[in-house]
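29 is the number of the first residue of the sequence shown in the working numbering; add one for each residue after it.
All C-beta atoms, glycine included, are put in the ideal place defined by N, C-alpha and C.
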Amino acid sequence: MRINTDPVLKEFASVFTNNGKQIFLVGGAVRDMLMGKKIHDWDLATDALPYEVGSIFRAVNGKVIPTGIKHGTVTVLYKNHSAEVTTFRTESEYSDGRRPDKINYALKIEDDLCRRDFTMNAIALRLPENEIVDPFCGAKDIKKKIIRCVGKADERFNEDGLRPLRAVRFASQLGFEIEKNTLNAIPPALPTCAKVSWERIRDEIEKILASPLPSCAFLHMEKTGLLKLYLQELAVCRGVEQKGFHQFDVLDHCLLACDYAAQKGYSQILRMAALLHDIGKPDVHRLDESGVWTFYRHEEKSAKMSRIILNRLRFSNAFIDSVSHLVGEHMFLYTDEWSDTAVRRFIARVEEKNLEDIYDLRRCDTYGFSGKEPDFRCINRLSDRVKEVLEKNRAFTIKDLAINGNDLISIGIKNGKMIGMVLRELLETVLDDPAQNTKEKLLEIAGSYYQKIN
Ligand code: ATP
Ligand code: MG
């Protein structure tokens, strides 16, 4: 295979070789290159020690930042490009199953490749010659689309409990199979997997969601026990039956919804919302008198549980708020009988900025009934109605009211909690009848409401 590398990368490499140092492209970049993909990150491995990398690059006006100095990694900025440069290393003991106790620098690239997780990730490209170093036949596994541990899978998983999750992540990201021994080594490694920090698990889950077929990873997780360990709330959705339009149990339904979001290129927020939108169902499902399963107010329960799960996984507050808001609002049942007031209340509840997302979430949900491209006419009609209503008026939040808190204080309403209460009441009035949104009318309504409740 002919390999072409970026001329700037070659120049980068020559800075090392001119100083008598070896330099290799390693990791995902080599894998992606062998798969014919464009490479995005430059991960380099060298025999130069981090301080040597520093002095070599400062001498040619480069910048060196000690981003991961504990692991022997520095970031080099040179000619408008950046690269992560790590000194060859082997890893010694992993007494906690989370991270190596200490780093030992190595002299040869082959020793550095030994510590890597999968054969496809343990290939190096010597620069500037573009010579492949592939001691574990990773290129062959890439061709056969196989994920296989470097060395003995059980030992490698017990060294670092994140590796099983990485294996299933790569399966969905690349569409590869996990080799039998590698897959079979996951269940016995679960106690080690349980020690991994939630931050590292989150990073992998983000990559699973960003992949073309997230369900592939989640189903592997289910079979191997990883789902029960990290996303137990999702694991218990297996076998929770639904009736009516649904053809699938709650777990398959959620996975289909999530795959649909991925296929459509929706945001990470939507992909997560699709995955979790029915997570509360196992908790609230009841058989009614006629023997039909009901899931009364499952969206509220699902929103609450989404918060708990995403908090545990250390997602940002903004992400958690967005996902749980969408999950909590996903159960609207639009019909053409909805009055304008009903449409306005829907907009106020969902909030204008989330409207497109809530339609998309509903599309994912609807797809999850059957796994086939469904009829979206109902959502499209709601979207048209919403547009009409939005054209007619724009008062959907307290900020849109023709008066504010100070106006209320000026007519004698006590500052504090009461102001918020009166403003919310006024918003309800305006959602019912937008014609009331004038200063005089609202002050009048506020005055009589205040008298009534005081
Ligand atoms: P991506 O395209 O998602 O970045 P990647 O293969 O580059 O995939 P990274 O997490 O960026 O994955 O890691 C870079 C390289 O470091 C991997 O290709 C692998 O060789 C090595 N590596 C990363 N994490 C581990 C780990 N937990 N155990 C062993 N080797 C690892
Ligand atoms: Mg990478």
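Could you name the residues that DSSP lists as bridge partners for residue i?
i	result
Gly96	Thr101
Lys91	Leu105
Phe52	Ala73, Arg154
Ser295	For Ser295, which the question treats as bridged, DSSP gives no partner whatsoever.
Ser110	Leu105
Tyr159	The amino acid occupying residue 159 in the given sequence is Glu; Tyr does not appear at that position. Paired residue(s): Arg154.
Asn132	Thr118
Thr322	Arg314
Ile174	Glu205
Phe146	Cys177
If we ignore side chains and look at the alpha-carbon of each, how far apart do residue i and residue j end up?
i	j	result
Gln291	Cys177	29 Å
Leu303	Ala463	41 Å
Ser110	Lys415	46 Å
His68	Ile407	38 Å
Ile297	Met333	16 Å
Phe360	Ser239	29 Å
Ala87	Leu389	54 Å
Thr363	Arg391	16 Å
Met148	Asp139	16 Å
Lys466	Ile431	The question names Lys, but residue 466 in the sequence shown is Thr. Taking the straight line from one Cα to the other gives about 8 Å.
Glu119	Gly396	44 Å
Gln270	Val371	29 Å
Tyr79	Gly96	13 Å
Arg266	Ile170	33 Å
Ile174	Thr220	24 Å
Phe85	Ala263	50 Å
Tyr133	Leu141	12 Å
Asp287	Trp70	30 Å
Glu11	Arg197	Look at the range of the chain in this structure, 29 to 482, and you will see that residue 11 is not part of it.
Phe323	Glu357	15 Å
Asp393	Ala285	5 Å
Lys400	Val224	37 Å
Ala181	Leu255	20 Å
Arg117	Thr101	10 Å
Glu419	Arg413	10 Å
Following a CB-centred definition, is residue i positioned closer than 8 Å to any heavy atom of the ligand ATP?
i	result
Leu52	Correcting the residue identity first, residue 52 is Phe in this sequence and not Leu. No, Cβ of Phe52 sits at least 8 Å from all heavy atoms of the ligand ATP.
Gln296	no
Leu62	no
Gln201	yes
Asn149	yes
Leu190	yes
Asp71	yes
Arg117	no
Lys256	no
Lys442	no
Lys235	yes
Arg194	yes
Throw me the rounded Cβ distance for the residue i and residue j pair, which I believe falls under 8 Å.
i	j	result
Ala73	Ile137	6 Å
Phe246	Leu283	6 Å
Leu510	Leu429	Since the first and last residues shown for the chain are 29 and 482, residue 510 lies out of range.
Pro242	Val268	With 8 Å as the limit, Pro242 and Val268 do not qualify as a contact, their Cβ atoms being about 20 Å apart.
Gly90	Tyr106	4 Å
Val417	Ile375	7 Å
Asn382	Leu338	Not quite, the Cβ-Cβ distance comes to about 17 Å (not below 8 Å), so this is no contact.
Asp316	Val278	So it is not a contact: roughly 17 Å between Cβ atoms.
Ala27	Leu62	The structure shown has nothing for residue 27, since the chain only spans 29 to 482.
Ala76	Lys49	4 Å
Taking 8 Å as the cut-off, is the C-beta of residue i nearer than that to any heavy atom in the ligand MG?
i	result
Asp140	no
Ala57	yes
Asp428	no
Asp435	no
Asp145	no
Asp231	no
Can you tell me whether residue i sits near the ligand HEM, meaning its C-beta is under 8 Å from at least one heavy atom of the ligand?
i	result
Ile481	Annotation note on the ligand HEM: not contained in the displayed structure, which lists the ligand ATP and the ligand MG as its ligands.
query = So does the segment 420-427 actually touch the segment 446-466, counting three or more Cβ pairs closer than 8 Å?
reply = yes
request  = Would you be able to state if there are at least three C-beta pairs under 8 Å between the segment 254-262 and the segment 220-234?
outcome  = yes
ask   = Should the segment 146-166 be called in touch with the segment 52-66, which here means at least 3 C-beta pairs below 8 Å?
value = yes
request  = State whether the segment 206-215 contacts the segment 246-255, with contact taken as three or more CB pairs (one from each stretch) at a distance under 8 Å.
outcome  = Taking 8 Å as the limit for Cβ pairs, the verdict is that the segment 246-255 does touch the segment 206-215.
task = May I ask you to verify whether the segment 191-210 touches the segment 156-163, counting CB pairs closer than 8 Å and requiring at least 3?
result = no
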